[in-house]
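Have a look at the structure below before the remarks.
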Amino acid sequence: MNNEHPKGSENSLEQFGYKQELNRVLGLPAVCLFGFAYLAPCTIFSYFGLINGSTHGMMSFAYLIATVAMLFTALSYRQMVKAYPIAGSVYNYTSKSINPSVGFLSGWVIILDYILLPMINYIIASGFIPLILPGIPVWLDMVILIVIVTLINLVGVKVMSTFDNIFIIIQFAFVLTAIIFAVKVIGQHDYSVFDINGFINLSEWSDVGLSGVVSGAAVLCLCFLGFDSVTTLAEEAKDPAKTIGKALIIITICAGALFVIATFLFQVAWPEGWRELDPDNGSYQLIGYLAGQFMATMLCWVMIIACLASAISSQAACARILYGMGRDRQIPKKFFGHVSEKHKVPDYNIILIGIVSLLSIWISLDIGSTMINFGALLGFAMVNVSVFAHYWVKEGNRGPAAVFKYIVLPACGTIICMALWVNLGMWAMIIGFIWMAIGVAALLINKKRGVSIEL
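Mapping the sequence shown onto my numbering, position 86 (from 1) lands on 80, and the numbers just tick up by one.
This is the structure:
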């Protein structure tokens, strides 16, 4: 199969042996908004009580570490989407740059991330719904949200994009409003907006240390899961090699800057907040402290909207990864490679993910979050390795610039991702390795069936 770089034309799929089945309708703004909706700017509030407490007020520092890790990986994603502007993301990059077996396992582990993220959104949303709509059973809240998200995804990428755009504007407006209130509180207490303790809590450093902050960063990587999801839209984006590449960098830098600045200001505005916040409802307490009860109630509504937006995008992304694997017959093509004739979406996958999401009724937020990062960080590491394998090994690019772009940068991304990965909790490792073992079994079954990808 031809491995030359695509020229960005809408027919570039043909050189990879595929035909255009999905609607190619998304420009750069729509792709960026899809990514922002997936990672959800309001996710900054989801883990505020938990991570601000565990890092003793150094959440901003933890976010900076997570941002650096994701930026290195975003640069690697950008390189790989130039080479392979097709759906499937991690799965396709590693399959075509390294080998199909590694690609299958890489796709398999990151599916854990994509399949679980909608569930995490339902769990988070169900924690806020009772605060404004008491009396409704939690399981019923989750079922209603799952049905809404699944139906939106089934009617097509254009409708999904419209909902994402609306939801993301609401989230940005709320986060910016919270920042303004934080600055107001800082001024009222005559604090300094340049207080280094808002970034590194010097009095607590001996108790937490770098390892404690890195452990927090490992969890906060979950807040960035979304910048990579835009690669799953490669067959629905106009001029994907350029559009997806730009979107990756824009989303990572903008989200990282927002998270670092906001948490820094929140810490300066409430220096002892990390001692007093409830790990589960810390964000509700934070907004109440900064802006009063009305804004705290508004947070509940905004978080529900944020979870809906993220669930819509994550379900769409997972459906397209499964579609890419099904199209290559790595999983049953008749089901996973099916595309709706009317709406041009992988409808069977969307419905399957909706059904699996019902497990959110029984999974806890803590375990689910760490399980997600098991697959995500391993998948990110493999994307970094794929850059070296494709550009340095397969294409034979050489010279100082090539060393920097195809060895140094991806090596940094790999090392940081793996450093964060080893800091995940015990349950993440246990469940993650069980999932990986199932993937190995599926791979062996495929080999016995004689299934392979023609490269």
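Yeah, the Cβ is synthetic: ideal placement off N, Cα and C, and Gly gets one too.
Residue 228 - DSSP class collapsed to helix/strand/coil: Three-state DSSP puts residue 228 in coil, outside helix and strand.
Does DSSP classify residue 20 as helix, strand or coil? strand
Quick check: what's the CA-CA separation for residue 137 versus residue 343? For residue 137 and residue 343, the gap between their C-alpha atoms comes out near 18 Å.
In chain order, what residues of the same chain have a beta carbon less than 8 Å from the beta carbon of residue 208, not counting five sequence neighbours either side? Annotation for residue 208: 56, 59, 413, 414, 417 place their beta carbon closer than 8 Å to its own, counting only its chain and skipping 5 residues before and after.
Only counting the same chain, and skipping five residues up and downstream in sequence, which positions put a Cβ closer than 6 Å to that of residue 73? Shown here for residue 73: same chain residues with a beta carbon closer than 6 Å to its own, the five before and five after excluded, namely 381 in chain order.
CA-to-CA distance, residue 225 to residue 392, given in whole angstroms: Taking the CA atoms as reference points, residue 392 sits about 27 Å from residue 225.
Which residues in the same chain as residue 276 place their Cβ atom closer than 6 Å to its Cβ, once the five residues preceding and following it in sequence are excluded? Beyond the five residues adjoining it in sequence on each side, residue 276 comes within less than 6 Å, by CB distance, of 42, 43 in the same chain, given in chain order.
Go through its chain and collect everything with a Cβ distance to residue 159's Cβ below 7 Å, but skip five positions before and after it. 27
Here's a check: name, in chain order, each residue in its chain whose Cβ is nearer than 6 Å to the Cβ of residue 104, leaving out the five neighbours to either side. 84, 369, 373
Using DSSP with H/G/I as helix, E/B as strand and the rest coil, what is residue 365? helix
Where residue 29 falls: helix, strand or coil (DSSP): helix
Quick one: residues in its chain with C-beta nearer than 7 Å to the C-beta of residue 173, no 5 flanking neighbours on either side, listed in chain order? 256, 259
Look at residue 249 and residue 217 and say whether their C-beta atoms are less than 9 Å apart. yes
Three or more C-beta pairs below 8 Å linking the stretch 116 to 125 and the stretch 296 to 304: yes
Threshold first: 4 residues or longer. Then list the alpha helix (DSSP H) segments lying entirely within the stretch 143 to 211, N to C. 151 to 182
For residue 128, the three-state DSSP class (helix, strand or coil): It is coil, neither helix nor strand.
Closest to residue 90 by C-alpha separation, out of 407, 292, 254, 383, would be which residue? 383
Pick from 34, 397, 388, 349 that is closest to residue 162, judged by C-alpha positions: Check the Cα spacing between residue 162 and each of 34, 397, 388, 349: the tightest is with 34.
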